[in-house]
Amino acid sequence: MKRLFLILVIFVEFLSAEGVVKKALFALTTSDVSTLESRLIKGVAFNAAHYQSVNAKLDMIVVIHGGAYKFFVKDISKTKCKSDPVFQAKAKEIHEKLASLVKTHHVKFLMCGVGMKAREIEKENILEFVEVAPSAMVALIDAQNDGYAFIPID
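Note that the sequence shown covers residues 0 to 153 in numbering that gives the first Met the number 0.
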């Protein structure tokens, strides 16, 4: 009987740990390729693995604004974003890694609609997995009010 009770307690503890959800909000403003790769792409995978190891889930939102627009456009030449030879050489690889974050870790990407207009970025020219927010501020305010921890990447 004691054994059954112990198994039941362990099972209940396991189920309650599975339901833990941590929330992270990345304000992505960097225009630097190496910062994007180290702090966002590798950082998301590292942190997701950590929370998975403690039976928790990491729910992540990335708000794209500042200098980060260029990483999420299909054809940078059709925008006012400055050309970046380092990014241009790695664009396809970076796009694949960003898409992998969506598929593997269910990251939600939101692009500032105000900044899109200012940079003449058409919705058809952004990567398929990116949603458009009315503004970066609206997206940041909404996510923080929903309990997401704010993490700047600049």
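Just so it is clear, CB atoms sit at the ideal spot from N, CA and C, and this is done for glycine as well.
Reducing DSSP to helix, strand and coil, say where residue 84 ends up. helix
Along the chain, which unbroken stretches of the alpha helix (DSSP H) at least 4 residues long are found entirely within the region 55-107? 84-104
Residue 103 versus 38, 135 and 56, residue with shortest Cα-Cα distance: 56
Reduced DSSP category for residue 138 - H, G, I as helix; E, B as strand; rest coil: helix
Residue 60 versus 116, 117 and 105, residue with shortest Cα-Cα distance: 105
Please go through the same chain and pick out, in chain order, the residues whose beta-carbon is closer than 8 Å to the beta-carbon of residue 64, but skip the five residues on each side of it. 26, 27, 28, 110, 111, 114 and 135
Measure the alpha-carbon distance for residue 137 versus residue 101 and round it to whole angstroms. 22 Å
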